[in-house]
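Data first, discussion second: the structure below is written as structure tokens.
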Amino acid sequence: MFVRQALRAQRMPLHNMALPRPAYMRSFVCSSVVRSEDLSSPEAKQNRIVSILKEKFQPVDLQVQDVSGGCGSFFAILLKSKAFDGKSTIQAHRMVNKEIKEVIQGIHGLQLKTVAATD
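See the structure below:
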């Protein structure tokens, strides 16, 4: 009898088996990384992103929103600027990422939409 059960267990697909959850996996927890500049609060990160983008790109339209539920780990940015005229989306995104790389180093994600001022 035990031999039959063992043989069935070997043929059973893995998705039918309840596997233990690895200890290193855990739920997403918001965390902040403190740098030389105090960017520990979500508002500080958001304000720093806004000031950098205003200074570097003189935007026609700029929206920066914390979409992580208030912990500052995920931002959505809409940036419309003349600096993106004639640039591909990838080129525009690289320009923005280059300018805000120090602020976004400690965050989980970034949703970025860049638009040329002529659009």
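Numbering-wise, the sequence shown is residues 378 to 496 according to this note's numbering. Even glycine gets a Cβ: it sits at the ideal position worked out from N, Cα and C.
Going by DSSP, what residue range makes up the alpha helix (DSSP H) through K475?
For K475, the enclosing alpha helix (DSSP H) has its first and last residue at 466–481.
Let me make sure I understand the geometry here. Which of G483, S465, A494 has the alpha-carbon closest to that of Q423?
Among G483, S465, A494, the Cα nearest to that of Q423 is on G483.
Does S418 pass the burial test, meaning 16 or more other C-beta atoms within 10 Å, or should it be called exposed?
Flag for S418 reads exposed.
Pick helix, strand or coil for L456, following the three-state DSSP scheme.
The three-state reading of DSSP puts L456 in strand, counting E and B together.
Starting from A421, trace the alpha helix (DSSP H) both ways and give me its first and last residue.
That run of the alpha helix (DSSP H) goes 419–434.
Return the bridge partner residues of A493 from the DSSP annotation.
DSSP output for A493 lists S458 as bridge partner(s).
Here's the rule I'm using: 16 or more other beta-carbon atoms within 10 Å means buried, otherwise exposed. How should I454 be labelled?
Buried, because 16 or more other Cβ atoms sit within 10 Å of the Cβ of I454.
Taking DSSP's pairing of strands, which residues face L487 in a bridge?
F452, per the DSSP bridge assignment.
Quick one: Cα of A421 to Cα of K490, how far?
About 21 Å.
For V441, which residues from the same chain have a beta carbon less than 7 Å from its beta carbon, with the 5 sequence-adjacent residues on both sides left out?
The residues are Q423, I426, V427, F452, I454.
Mark I481 as exposed unless 16 or more other C-beta atoms lie within 10 angstroms of its C-beta, in which case mark it buried.
Flag for I481 reads buried.
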